[in-house]
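Working notes for the structure below.
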Amino acid sequence: MSAAAAYDFQHIAVERPAPGVVLLTLNRPERMNATNDVLHSELVRLPAAIDADPGARAAVVTGAGRAFCVGGDWADIAGQGNDYANKIRMMRETSQILTGLIEMRKPLVSAINGPAAGIGLALGLLADISVVNEEANLSDGHLRIGLAAGDHAAMVWPLLCSMAKAKRYLLTGDKLNGREAERIGLVSDAVAPAEVLPLALRYAATLAERSPLAVELSKRALNHWLRGAMPIFEASLGYEMVTAFDPDQAAHMPQTS
9 MSAAAAYDFQ HIAVERPAPG VVLLTLNRPE RMNATNDVLH SELVRLPAAI
59 DADPGARAAV VTGAGRAFCV GGDWADIAGQ GNDYANKIRM MRETSQILTG
109 LIEMRKPLVS AINGPAAGIG LALGLLADIS VVNEEANLSD GHLRIGLAAG
159 DHAAMVWPLL CSMAKAKRYL LTGDKLNGRE AERIGLVSDA VAPAEVLPLA
209 LRYAATLAER SPLAVELSKR ALNHWLRGAM PIFEASLGYE MVTAFDPDQA
259 AHMPQTS
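Residues 9 to 265 in this note's numbering are what the sequence shown lists, from first letter to last.
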């Protein structure tokens with residue numbers, strides 16, 4: 009498969025800003041890069057596409073416009089309702105996205121340039137190095153809309169920032185900014201907005217200079233922490249699907265535009 013064929017995306021733009029570095033930009037800025045069905049399925053294919061690119065030794069993912077990715081597109085979610093087959097499809101795709109990111113051989117740096125939530129925040133936090141806009145709001149707002157915290161948070165947050173902080177934010181659904189996310193250890197670096205992408209690219213350039221096999225096997229060893237927590241993720245994702253059919257959940261859904 010050629011590199012061009014690997015990146016056959018509609019809502020992810022691809023650039024090569026430096027030797028060995030590929031920059032992937034989530035590109036639905038008019039919807040704050042919220043995932044519709046197309047973008048969600050493209051995130052499933054993204055890790056394998058990077059691994060299949062012979063010209064990529066490291067990758068950076070960011071968002072177009074003012075947001076990184078605010079999760080699922082509420083207009084689409086409201087239109088689909090509680091369609092059982094669609095919920096199962098989304099559950100399977102979400103599992104594939106997280107599994108793909110954990111199993112990805114090449115290093116990934118996230119440049120979280122603006123607000124991130126839901127599957128967008130999962131993508132940002134599961135990158136090997138995460139650089140966030142210190143002013144950006146991050147949130148896993150499942151509890152705010154009557155859903156159990158699924159996607160990634162029950163698995164990832166306690167490993168990154170302690171069980172105490174994970175419960176504090178996941179059970180309340182409160183937002184936190186990039187500065188606080190760095191303070192509690194949720195992200196690698198929080199910097200001024202203009203520095204997010206340049207710093208992420210510098211990290212990627214450094215990783216691209218390292219021995220590919222040494223990088224691959226080092227991150228594989230580290231990701232055993234995440235593999236060990238996969239049963240927690242599977243449970244939380246299943247619980248999220250259960251709460252999607254809770255009659256009380258509809259009362260917590262936001263208005264769509």
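Cβ atoms here follow ideal geometry from the backbone N, Cα and C, with glycine treated the same way.
Got a sec? Which residues, its chain only, sit under 6 Å from residue i by beta carbon, not counting five neighbours each side?
i, result
"residue 164", "133"
"residue 241", "163"
"residue 55", "108, 109, 112"
"residue 265", "With a pLDDT of 46 at residue 265, under the threshold of 50, the predicted position of this residue should be treated as unreliable, though the coordinate-derived value follows. For residue 265, where only same-chain residues beyond five positions count, there are no Cβ hits under 6 Å."
"residue 216", "28, 29, 65, 66"
"residue 73", "37"
"residue 166", "174"
"residue 23", "31"
"residue 161", "148, 178"
"residue 211", "117, 137"
"residue 105", "51, 52"
Just to confirm my understanding: we take residue i, look at its own chain, exclude 5 residues before and 5 after, and list those with CB closer than 7 Å. What are they?
i, result
"residue 138", "118, 120, 132, 195, 196"
"residue 95", "249, 252"
"residue 237", "163, 167"
"residue 199", "139, 142, 207"
"residue 102", "127, 159, 245"
Should residue i be labelled buried (16 or more other beta-carbon atoms within 10 Å of its own) or exposed?
i, result
"residue 51", "buried"
"residue 244", "buried"
"residue 159", "buried"
"residue 14", "buried"
"residue 46", "exposed"
"residue 253", "exposed"
"residue 100", "exposed"
"residue 221", "exposed"
"residue 205", "buried"
"residue 156", "buried"
"residue 234", "buried"
"residue 124", "buried"
"residue 129", "buried"
"residue 225", "exposed"
"residue 172", "exposed"
Look at residue i and residue j and say whether their C-beta atoms are less than 7 Å apart.
i, j, result
"residue 34", "residue 63", "no"
"residue 31", "residue 25", "yes"
"residue 187", "residue 142", "yes"
"residue 116", "residue 91", "no"
"residue 76", "residue 126", "no"
"residue 189", "residue 140", "yes"
"residue 231", "residue 185", "no"
"residue 57", "residue 29", "no"
"residue 78", "residue 208", "no"
"residue 256", "residue 154", "yes"
Going along the chain, which residues of its own chain have a beta-carbon closer than 8 Å to the beta-carbon of residue i, five neighbours each way excluded?
i, result
"residue 170", "192, 193"
"residue 9", "In this prediction, residue 9 scores a pLDDT of 44, lower than 50, which makes its location untrustworthy; the coordinate-derived value is nonetheless stated afterwards. These residues qualify, in order along the chain: 60."
"residue 259", "154"
Kindly indicate if chain E contains any beta-carbon less than 7 Å away from that of residue i.
i, result
"residue 95", "The structure shown contains no chain E, having only a single protein chain."
Q.
Counting beta carbon pairs with one atom in the region 140-149 and one in the region 172-184, are three or more of them shorter than 8 Å?
A. Contact between the region 172-184 and the region 140-149 is present, because at least three Cβ pairs lie under 8 Å.
Q | alpha helix (DSSP H) runs contained entirely in the region 44-93, provided each spans 4 or more residues | A | Here the runs fully enclosed are 45-59, 82-88.
**Q.** Continuous alpha helix (DSSP H) assignments of at least 4 residues falling wholly in the region 140-206
**A.** Within the region 140-206, the complete alpha helix (DSSP H) runs of at least 4 residues fall at 161-169, 171-180, 186-191.
Q) Which full runs of the alpha helix (DSSP H) of 4+ residues lie inside the region 99-142, going along the chain? A) As summarised for the region 99-142, the continuous alpha helix (DSSP H) elements at least 4 residues long and confined to that stretch are 126-134, given in chain order.
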